[in-house]
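Scroll down for the structure; my scribbles are underneath it.
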Amino acid sequence: LLAGRNITDRDSTLELLINETLLHQLQIQDPHQILGKQIMVGELGDKPGKVVGVVADFNTRSLHTSIEPCVIGNAPSTYQYAAVALQGGTLPATLKAIRDKWQAIYPEEVFEYQFLDEQVARFYATEEMLGKLIQAFTWLAILISCLGLYGLIAFTTGQRTKEISIRKVLGASAGTIVRLLTVDFLQLVLLANLIAWPLAGWAMHRWLQDFAYRTSISWWLFALAGLAAVIIALATVSFQAIKAALANPVKSLRNE
Numbered sequence: 016l017l018a019g020r021n022i023t024d025r026d027s028t029l030e031l032l033i034n035e036t037l038l039h040q041l042q043i044q045d046p047h048q049i050l051g052k053q054i055m056v057g058e059l060g061d062k063p064g065k066v067v068g069v070v071a072d073f074n075t076r077s078l079h080t081s082i083e084p085c086v087i088g089n090a091p092s093t094y095q096y097a098a099v100a101l102q103g104g105t106l107p108a109t110l111k112a113i114r115d116k117w118q119a120i121y122p123e124e125v126f127e128y129q130f131l132d133e134q135v136a137r138f139y140a141t142e143e144m145l146g147k148l149i150q151a152f153t154w155l156a157i158l159i160s161c162l163g164l165y166g167l168i169a170f171t172t173g174q175r176t177k178e179i180s181i182r183k184v185l186g187a188s189a190g191t192i193v194r195l196l197t198v199d200f201l202q203l204v205l206l207a208n209l210i211a212w213p214l215a216g217w218a219m220h221r222w223l224q225d226f227a228y229r230t231s232i233s234w235w236l237f238a239l240a241g242l243a244a245v246i247i248a249l250a251t252v253s254f255q256a257i258k259a260a261l262a263n264p265v266k267s268l269r270n271e
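Note that the sequence shown covers residues 16 to 271 in this note's numbering.
Okay, here's the thing in structure tokens:
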């Protein structure tokens, strides 16, 4: 409540609360300036209602839609739902008590209820399913990429066995050999990131356009994803590279 008072049981249908969005549409900045003034609301017919309070904006739908102008009034004849705050530990017993009371008063009406958190979750059921699919395909893509990198480094070390052996005979250290084998793959990973970042940014921007209220995409998210890709690539490539660097060069040259 930003200004004024709340609706009470003694109020008629002519005492109203409005939200910030409606206040701004009326081109009023100070919520106290609207108190006591009358506005026309279609549901009230020809009678103007008096504004007794201004409330902060709140969402009644999902974040896909923007907050609309809202008028809140006391109209018992139009009530359809009752909101009840429940304690988590006494939920079954409380529901049974409410059901028994309902059936005693309205024996011919079906007792139906829903939880607010479940209703809110349904707003984003599509996004939740999409998130799970993206997560599953991401892990699958990482697995396929690791297998591909491992196969490629194994093929490369096999093709460069003679070169690696000669370098070791001439005094190259194991670290030098590992660096020689991994640097080319890291360059490919960095190039792939440079290509993927703009595409991922564009896709995220397009997806966020469906939300009236959305977060901004920070640059460090792409940097973190790139760092994760480099670490995964290093972990995949290093095993085969270290194995090739520690191999006996004499045995390798004899086989060549």
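Idealized CB from N, CA, C, for every residue including glycine. Since the structure is predicted, the reported quantities are computational estimates derived from the model, not experimental observations.
Less than 6 Å between C-beta atoms, sequence neighbours within five positions excluded: which residues of the same chain meet that for residue i?
i	result
H47	A18
T80	A227
F138	S77
M55	P63
Taking buried to mean at least 16 other C-beta atoms within 10 Å of its own C-beta, is residue i buried or exposed?
i	result
Q134	exposed
N34	buried
I168	buried
Q174	exposed
G186	exposed
A156	exposed
I49	buried
T251	buried
Q224	exposed
L236	exposed
Q202	exposed
K183	buried
S92	exposed
V285	A question about residue 285 goes unanswered here, because the residues of the chain that appear run from 16 up to 271.
L196	buried
S180	buried
T172	buried
Q255	buried
F170	exposed
Quick check on DSSP: helix, strand or coil for residue i?
i	result
V125	coil
E30	strand
I54	strand
K147	helix
K183	helix
A250	helix
K177	helix
A71	coil
H47	helix
Q202	helix
H79	coil
Q132	Per the sequence shown, the amino acid found at residue 132 is Asp instead of Gln. Three-state result, D132: helix.
I120	helix
V99	coil
T230	coil
R25	coil
Q224	coil
S188	coil
Is residue i near the ligand ADP, with its Cβ less than 7 Å from a heavy atom?
i	result
D45	The ligand ADP is absent from the structure shown, which contains no ligand whatsoever.
Measure the beta-carbon distance from residue i to residue j and round it to whole angstroms, keeping in mind my assumption that it falls under 8 Å.
i	j	result
A260	V193	5 Å
I87	L31	7 Å
A248	L164	6 Å
M219	I232	5 Å
C85	T36	7 Å
A243	N208	Contact flag wrong, Cβ pair sits at about 10 Å.
I43	N89	Actually they do not touch by this definition, with Cβ atoms about 23 Å apart.
Bridge partners of residue i, per DSSP?
i	result
A112	Partner(s): none; A112 has no beta bridge.
V66	L31
V86	I33
G241	Bridge partners of G241: none, in fact.
A18	V69
For residue i, which residues of its own chain have a beta-carbon under 8 Å away from its beta-carbon, when the five flanking residues on both sides are left out?
i	result
G103	none
I257	A189, V193
K52	K65, V66
E124	W117
E143	A136
S27	N89
Among the residues of its own chain, which have a CB less than 7 Å from the CB of residue i, if the five just before and after it don't count?
i	result
L16	G68, V70
K62	L29
N74	I82
L38	P46, I49, V69
W212	F237
K147	none
Can a CB atom of chain B be found closer than 8 Å to the CB of residue i?
i	result
G163	This model lacks chain B altogether, as it is built from one protein chain only.
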